[in-house]
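Participant: Residue numbers (this note's numbering): 837 to 1004. Ideal placement from N, C-alpha and C gives every residue a C-beta, glycine not left out. Remember, predicted model here, so these are calculated numbers, not experimental data. Sharing a structure here in structure tokens format.
Here's what the structure looks like:
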């Protein structure tokens, strides 16, 4: 099972782009018969460690929006390292790595692969519509076979196949 944790605010224009992409990513993975559970929150919270530990996923995909600098930026995918030596605080904003650290420390959970997918965003005012550029970035990520998102989908498919066949 793959756990998708999407975070952002749909009432702040492009800040909701990660939530939009997460829903589409869930549908895409399900088409490949991959079991997926998606969680949507406005920001990462320590309580998500319990969500991860409770589901015991084969992998975790965090999806968020980042502030774009150039008009033609693409959706990016990066692995999330777990730093077992870190001492995270209960500050206002957590990172995916911090949530995974909590998961391991509080629940003695087995480490699983994790990725951070970020959608570029340009407009963060009040409103529910995504900018044209964010929509284009999402479309490209989902439809270009060479996009980083498609590479992630391939990796998740392989991970799912390996787990199904008993390969660690």
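1. Identify, in the order they occur along the chain, each residue of the same chain with its Cβ nearer than 8 Å to the Cβ of residue 962, setting aside the five sequence neighbours on each side.
2. Rounded to whole angstroms, what's the CA-CA distance from residue 912 to residue 1002? Just pull it up for me.
3. For residue 855, is the classification buried or exposed, using 16 other Cβ atoms within 10 angstroms of its Cβ as the cut-off for buried?
4. Might you give, ordered along the chain, the residues of its own chain that have their beta carbon closer than 7 Å to the beta carbon of residue 879, omitting 5 neighbours on each side?
5. Tell me residue 957's beta-bridge partners as DSSP assigns them.
6. Checking 8 Å against the spacing of the C-beta atoms, do residue 862 and residue 840 come in under that value?
7. Return the CA-CA distance between residue 891 and residue 905, expressed in angstroms with no decimal places.
8. Could you give the residue range of the beta strand (DSSP E) that holds residue 839?
9. May I ask you to report which of helix, strand or coil DSSP gives residue 910?
Facilitator: Taking the definition as stated:
1. Locating residue 962 in the chain shown gives position 126, counting from the first residue. Cβ neighbours of residue 962 beyond the five flanking positions: 847, 848 and 849.
2. As a first step, residue 912 is located in the chain shown; it is residue number 76 there, counting from the start. As a first step, residue 1002 is located in the chain shown; it is residue number 166 there, counting from the start. Distance between residue 912 and residue 1002, taken at the CA atoms: about 30 Å.
3. Sequence index remark: in the chain shown, residue 855 carries index 19 (1-based). It counts as buried.
4. On the chain shown, residue 879 is found 43 positions in, with the first residue counted as 1. Annotation for residue 879: 843 and 929 place their beta carbon closer than 7 Å to its own, counting only its chain and skipping 5 residues before and after.
5. Looking up residue 957 in the chain shown gives position 121. The partner list for residue 957 (beta bridge, DSSP) reads 903.
6. Stepping through the chain shown from its first residue, residue 862 is reached at position 26. Stepping through the chain shown from its first residue, residue 840 is reached at position 4. For residue 862 and residue 840, yes; Cβs fall inside 8 Å.
7. To locate residue 891, count along the chain shown from 1; it is residue 55. To locate residue 905, count along the chain shown from 1; it is residue 69. Using only the alpha carbons, I get a separation of about 36 Å.
8. Within the chain shown, the letter at position 3 stands for residue 839. Here the beta strand (DSSP E) through residue 839 covers 838-843.
9. As a first step, residue 910 is located in the chain shown; it is residue number 74 there, counting from the start. The DSSP-derived three-state label of residue 910 is coil.
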